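**Student:** Per my numbering, the very first residue in the sequence shown carries number 135; after that it's consecutive. Quick reminder that beta carbons are idealized off the backbone N, C-alpha and C, glycines included. Note that the structure is predicted; figures quoted are calculated from it, not measured. Have a look at this one.
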Amino acid sequence: MSRRIQNTNGESLKVPDLSAMQSLLELYIQGASIDWNDLYRHCFYRKVALPTYPFQRQRYWI
Numbered sequence: 135m136s137r138r139i140q141n142t143n144g145e146s147l148k149v150p151d152l153s154a155m156q157s158l159l160e161l162y163i164q165g166a167s168i169d170w171n172d173l174y175r176h177c178f179y180r181k182v183a184l185p186t187y188p189f190q191r192q193r194y195w196i
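Below, the structure written as structure tokens:
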């Protein structure tokens, strides 16, 4: 029911399947309080520079 991905440290991370994440998002939309920090506590994040204008002609996935 879940997949594993490799983070930048080479460690394997368990990723919830899409249906579980969809259920969680539906609960959030209905007003449930979700601890997002707990959900993503094992993930590594870094800031990236994104274009500030639409004519740069590069696409980014957010």
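I need the DSSP call for Ile-163, collapsed to helix, strand or coil.
**Tutor:** Within the sequence shown, the letter at position 29 stands for residue 163. In this structure, Ile-163 counts as helix in the three-state DSSP scheme.
**Student:** Compare the C-alpha of Trp-170 against each of Leu-159, Gln-164 and Arg-180 and name the closest.
**Tutor:** Sequence index remark: in the sequence shown, residue 170 carries index 36 (1-based). Here the closest residue by C-alpha is Leu-159.
**Student:** Once DSSP output is grouped into helix, strand and coil, what is the label at Asp-172?
**Tutor:** Residue 172 sits at position 38 when you count from the first residue of the sequence shown. DSSP places Asp-172 in helix when its eight states are reduced to three.
**Student:** What separation, rounded to the nearest whole angstrom, lies between the Cα atoms of Ala-166 and Asp-151?
**Tutor:** Within the sequence shown, numbered from 1, the residue matching residue 166 stands at position 32. Within the sequence shown, numbered from 1, the residue matching residue 151 stands at position 17. Between Ala-166 and Asp-151, the C-alpha separation is close to 20 Å.
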